[in-house]
Amino acid sequence: MSEFILVSTTERYKTVTDNPDLETIAEYEYHFFGKKKTTFSICKIKNPVTRIVIQGVSEVFPDNSIPIKVFPKFDTTEQIEKEIFELDMDKDSKIVRVQ
Numbered sequence: 066m067s068e069f070i071l072v073s074t075t076e077r078y079k080t081v082t083d084n085p086d087l088e089t090i091a092e093y094e095y096h097f098f099g100k101k102k103t104t105f106s107i108c109k110i111k112n113p114v115t116r117i118v119i120q121g122v123s124e125v126f127p128d129n130s131i132p133i134k135v136f137p138k139f140d141t142t143e144q145i146e147k148e149i150f151e152l153d154m155d156k157d158s159k160i161v162r163v164q
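Shown next, in the form of structure tokens:
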């Protein structure tokens, strides 16, 4: 079983990681032209049948509860970090680890 997922939070929506079935391993911020655009959270899956809640922040929409099975899964955090750091491609974009 793949153990890790990558979720994101933006100005428009928040992915709730405060969940007993998930353990946040690391968080990274993506900055573009000096402005934070996204926070990426790498989470360890503790229960493969849990659901992820996405809430509206700047937009109003009902909470969306999504089964974890629809999220891409990874075997290692290194695989996820490789995906994240692909965004760090020039002087205008930057990835910063915050946790």
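To convert, count from 1 in the sequence shown and add 65; that's this note's numbering.
Where is the CB? At the ideal position from N, CA and C, for every residue including glycine.
Fill in: Of the residues E124, E92, G99 and V163, the one placed nearest E76, counting alpha carbons only
For the purposes of this step, residue 76 is identified with residue 11 of the sequence shown, where counting begins at 1. When each option's Cα is compared against that of E76, the closest is E124.
Discussion item. Using C-beta distances below 6 angstroms, list every residue in its chain close to V136, excluding the 5 sequence neighbours before and after it, in chain order.
Written reply: Mapped onto the sequence shown, residue 136 falls at position 71. Checking the sequence, you will find Phe at residue 136 rather than Val. Closer than 6 angstroms at the Cβ level, and outside the excluded window around F136, lie I70.
Worksheet item: What do you get for F126, buried or exposed, if any count of 16 or more other CB atoms within 10 angstroms of its CB means buried?
Response: Mapped onto the sequence shown, residue 126 falls at position 61. It counts as exposed.
Fill in: Sequence-distant residues of its chain with Cβ nearer than 7 angstroms to V122 (five each side left out)
What you label residue 122 is simply residue 57 of the sequence shown in a count that begins at 1. Cβ within range, chain order: E76, R77, Y78 and K79.
Worksheet item: Can I110 and K138 be called in contact, C-beta distance under 9 angstroms?
Response: Position 45 of the sequence shown, counted from the start, is the residue given in the question as residue 110. Position 73 of the sequence shown, counted from the start, is the residue given in the question as residue 138. Taking 9 angstroms as the Cβ cut-off, I110 and K138 qualify as a contacting pair.
Practice prompt. Compute the Euclidean distance between the alpha carbons of L87 and S130, then round it to the nearest angstrom.
Written response: Position 22 of the sequence shown holds residue 87. Position 65 of the sequence shown holds residue 130. Each residue's alpha carbon lies about 14 angstroms from the other.
Fill in: Local conformation of Q164 per DSSP, three classes
Here residue 164 refers to the residue found at position 99 of the sequence shown. Correct three-state label for Q164: coil.
Fill in: F105, buried or exposed, once every other Cβ within 10 Å from all chains shown has been counted against 16
The count along the sequence shown starts at 1 and reaches residue 105 at position 40. Buried: at least 16 other Cβ atoms inside 10 Å.
Discussion item. List, from N- to C-terminal side, the alpha helix (DSSP H) runs of 4 residues or more that fit wholly inside the region 87-161.
Written reply: For the region 87-161, whole alpha helix (DSSP H) runs of length 4 or above, ordered along the chain, are 142-150.
Item to complete: Return helix, strand or coil for T74, following the three-state DSSP convention.
Response: As a first step, residue 74 must be located in the sequence shown, where it is residue number 9. The DSSP-derived three-state label of T74 is strand.
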